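*Asks:*
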Amino acid sequence: MIENFKRQASCLKFFAKFFIVDLWGFIKAHRAGARRIDPAIFSGIANKAVVLGNGPSIKSDREEIKSRESGCDFWCVNNFCDDPLYETLKPRFYLFFDEYFFSDSAHHDFVERRNKTFDKINSATSWGLTVIVPYHADLDIIRARVTNPLISFKKINVRNYEEKDFSALGNVLFSSGYYSPPQINVLILACFLSVWAGYEVIEIFGADMSFHNDVDVDQVTNELVITHRHFNLPDEKEVLRKNPEKVEKWRMSELLDISARTFYAHQMINEFSKRRSCSLINRSSYSLIDSYSRK
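In full-length UniProt numbering, the protein residues as written are 1 to 295.
Right, dumping it as structure tokens:
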């Protein structure tokens with residue numbers, strides 16, 4: 001009886017959110033040229049995909065990743081193309097998600113970084129590449145530097161489904177192409193979309209998800225200080241400020257909350273993969289994600 005009550009409460013909560021928040025969001029996104037996930041984006045895909053995060057564990061996993069060169073589709077995210085692996089692996093799908101890629105108000109550090117990435121993807125891509133961006137992305141910012149005719153862009157409009165437990169309702173919403181787990185970072189979206197696309201096997205590398213371990217509190221100023229660790233960049237330490245303006249500072253309560261939501265999102269993706277008969281395997285040599293099979 002209690003479980004039935006919880007299911008009913010979850011449904012009521014969702015429909016209230018839908019009519020108050022999501023419906024307007026869908027209308028706004030549609031006007032911006034974004035649509036639900038289009039199955040045509042994934043026509044002709046291979047049976048297997050390799051999803052590449054930007055975690056530092058890729059440094060140790062390079063040779064294993066390169067051994068997957070044939071017979072699968074590679075997915076990469078954000079600044080991956082800054083590394084020589086990009087031209088070796090020739091990814092089929094590329095996701096840009098972080099706000100600074102599309103914002104006119106991005107901090108100059110972010111602008112410099114995104115311009116480097118856009119220039120590299122424009123000059124280095126000699127194969128067909130589909131770039132996927134969220135509905136609010138300003139494509140003019142990207143197209144000002146990315147003019148390569150081999151690169152196509154797809155905007156998707158998916159809303160967040162915030163429940164912690166994956167249910168029949170969650171499966172229906174995810175399958176519809178209108179909803180996804182909370183889009184807290186680009187790896188979540190890449191994992192979800194690759195499952196949705198219909199691959200039979202998906203392997204994940206670079207999914208360290210250890211960013212909360214790289215944060216400390218300055219004992220004098222109370223500021224959160226983070227050491228950024230990526231496989232293709234030197235470690236960098238700075239005060240943790242919010243993307244894209246780098247003005248507002250993060251609080252520890254906010255960071256730990258978003259960390260928990262991140263791991264709940266991966267749990268939901270794993271449950272969704274089971275409903276899709278997809279084998280989802282985390283091959284990262286180091287990862288704090290405990291949702292996916294490791295073999």
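Yeah, the Cβ is synthetic: ideal placement off N, Cα and C, and Gly gets one too. This one's a predicted model, so the numbers in the text were calculated from it and none came from an experiment.
What's the call for VAL50, buried or exposed, on a 16-neighbour Cβ count within 10 Å?
*Replies:* By one-based count along the sequence shown, residue 50 stands at place 50. So VAL50 counts as buried.
*Asks:* Pick helix, strand or coil for ALA49, following the three-state DSSP scheme.
*Replies:* Looking up residue 49 in the sequence shown gives position 49. In the structure shown, ALA49 sits in a strand (DSSP, three-state: E or B).
*Asks:* Can you list, in chain order, the residues of its chain whose CB lies under 7 Å from that of PHE192, leaving out five sequence neighbours each side?
*Replies:* Stepping through the sequence shown from its first residue, residue 192 is reached at position 192. If we look at PHE192 and ignore the five residues flanking it on each side, its Cβ neighbours are SER180, PRO181, ILE269.
*Asks:* Could you have a look at TRP196 and say whether DSSP puts it in helix, strand or coil?
*Replies:* Indexing the sequence shown from 1 puts residue 196 at position 196. Reduced to three states, the DSSP call for TRP196 is helix.
*Asks:* How many angstroms separate the CA atom of SER84 from the CA atom of THR147?
*Replies:* As a first step, residue 84 must be located in the sequence shown, where it is residue number 84. As a first step, residue 147 must be located in the sequence shown, where it is residue number 147. Checking the sequence shown, residue 84 turns out to be Pro, not Ser. The straight-line gap from Cα to Cα measures roughly 21 Å.
*Asks:* Only counting the same chain, and skipping five residues up and downstream in sequence, which positions put a Cβ closer than 6 Å to that of ASP61?
*Replies:* As a position in the sequence shown, residue 61 is number 61, starting the count at 1. The answer, listed in chain order, is PHE205, SER285.
*Asks:* Compare the C-alpha of LEU189 against each of ASP104, PRO134, SER43 and name the closest.
*Replies:* Residue 189 sits at position 189 when you count from the first residue of the sequence shown. That would be PRO134, whose Cα lies nearest to the Cα of LEU189.
*Asks:* Going by C-alpha to C-alpha distance, which of PHE101, VAL215, TYR292 sits closest to LYS237?
*Replies:* As a working note, residue 237 is residue 237 in the sequence shown. Selected option, being the one with the closest Cα: VAL215.
*Asks:* Using only the alpha-carbon positions, how far apart do ASN213 and ASN78 sit?
*Replies:* Residue numbering aside, residue 213 sits at position 213 when the sequence shown is read from its first letter. Residue numbering aside, residue 78 sits at position 78 when the sequence shown is read from its first letter. For ASN213 and ASN78, the distance between alpha carbons rounds to 21 Å.
*Asks:* If you draw a straight line from the alpha carbon of VAL195 to that of GLN219, how long is it in whole angstroms?
*Replies:* Against the sequence shown, residue 195 aligns to sequence position 195. Against the sequence shown, residue 219 aligns to sequence position 219. Straight-line Cα distance between these residues: approximately 43 Å.
*Asks:* Evaluate contact between the segment 239-258 and the segment 97-111, counting only Cβ atoms and requiring at least three cross-stretch pairs below 8 Å.
*Replies:* Touching, per the Cβ criterion.
*Asks:* Is it true that the segment 53-72 meets the segment 105-122, where meeting means three or more beta-carbon pairs spaced less than 8 Å apart?
*Replies:* With a cut-off of 8 Å, the segment 105-122 and the segment 53-72 do not count as touching, because too few Cβ pairs lie within range.
*Asks:* Indicate whether HIS266 and SER287 have their beta-carbon atoms separated by less than 7 Å.
*Replies:* In the sequence shown, residue 266 corresponds to position 266, counting from 1. In the sequence shown, residue 287 corresponds to position 287, counting from 1. Taking 7 Å as the Cβ cut-off, HIS266 and SER287 do not qualify as a contacting pair.
*Asks:* With respect to the alpha helix (DSSP H) encompassing THR147, which residues constitute its N-terminal and C-terminal limits?
*Replies:* Against the sequence shown, residue 147 aligns to sequence position 147. Here THR147 belongs to no alpha helix (DSSP H), and DSSP marks it neither H nor E.
*Asks:* I'd like to know whether the C-beta of ILE188 is nearer than 7 Å to at least one C-beta of chain D.
*Replies:* No chain D appears in the structure shown, which is made up of a single protein chain.
*Asks:* Please classify THR117: is it buried, with 16 or more other beta-carbons within 10 angstroms of its beta-carbon, or exposed?
*Replies:* Taking the first residue of the sequence shown as position 1, residue 117 is located at position 117. THR117 should be labelled buried.
*Asks:* Given this structure, state the Cα-to-Cα distance separating THR37 from THR221, to the nearest angstrom.
*Replies:* Locating residue 37 in the sequence shown gives position 37, counting from the first residue. Locating residue 221 in the sequence shown gives position 221, counting from the first residue. It is Ile, not Thr, that sits at residue 37 in the sequence shown. The straight-line gap from Cα to Cα measures roughly 45 Å.
*Asks:* Which residue marks the beginning of the beta strand (DSSP E) containing PHE111, and which one marks its end?
*Replies:* Residue 111 sits at position 111 when you count from the first residue of the sequence shown. Reading off the sequence, residue 111 comes out as Val, not Phe. Taken as a continuous stretch (DSSP letters only), VAL111 belongs to no beta strand (DSSP E), being part of the alpha helix (DSSP H) at 108-124.
*Asks:* Alpha carbon to alpha carbon, how far is ASN282 from GLU203? Give it in angstroms, no decimals.
*Replies:* By one-based count along the sequence shown, residue 203 stands at place 203. By one-based count along the sequence shown, residue 282 stands at place 282. Near 6 Å, if we compare the C-alpha coordinates of ASN282 and GLU203.
*Asks:* Quick check: what's the CA-CA separation for VAL131 versus ARG92?
*Replies:* Here residue 131 is taken as the residue at index 131 of the sequence shown, counted from 1. Here residue 92 is taken as the residue at index 92 of the sequence shown, counted from 1. Each residue's Cα considered, the two are about 9 Å apart.
*Asks:* To which residues of the same chain is CYS72 closer than 7 Å at the C-beta, ignoring the five residues directly before and after it?
*Replies:* Along the sequence shown, read from residue 1 onward, the residue named residue 72 stands at position 72. Contacts found: ALA46, LYS48, ALA49, VAL50.
*Asks:* Considering only the alpha carbon of each residue, which of ASN185, LEU129, ASP208, GLU64 lies closest to PRO56?
*Replies:* To locate residue 56, count along the sequence shown from 1; it is residue 56. Considering only alpha carbons, the answer is ASP208.
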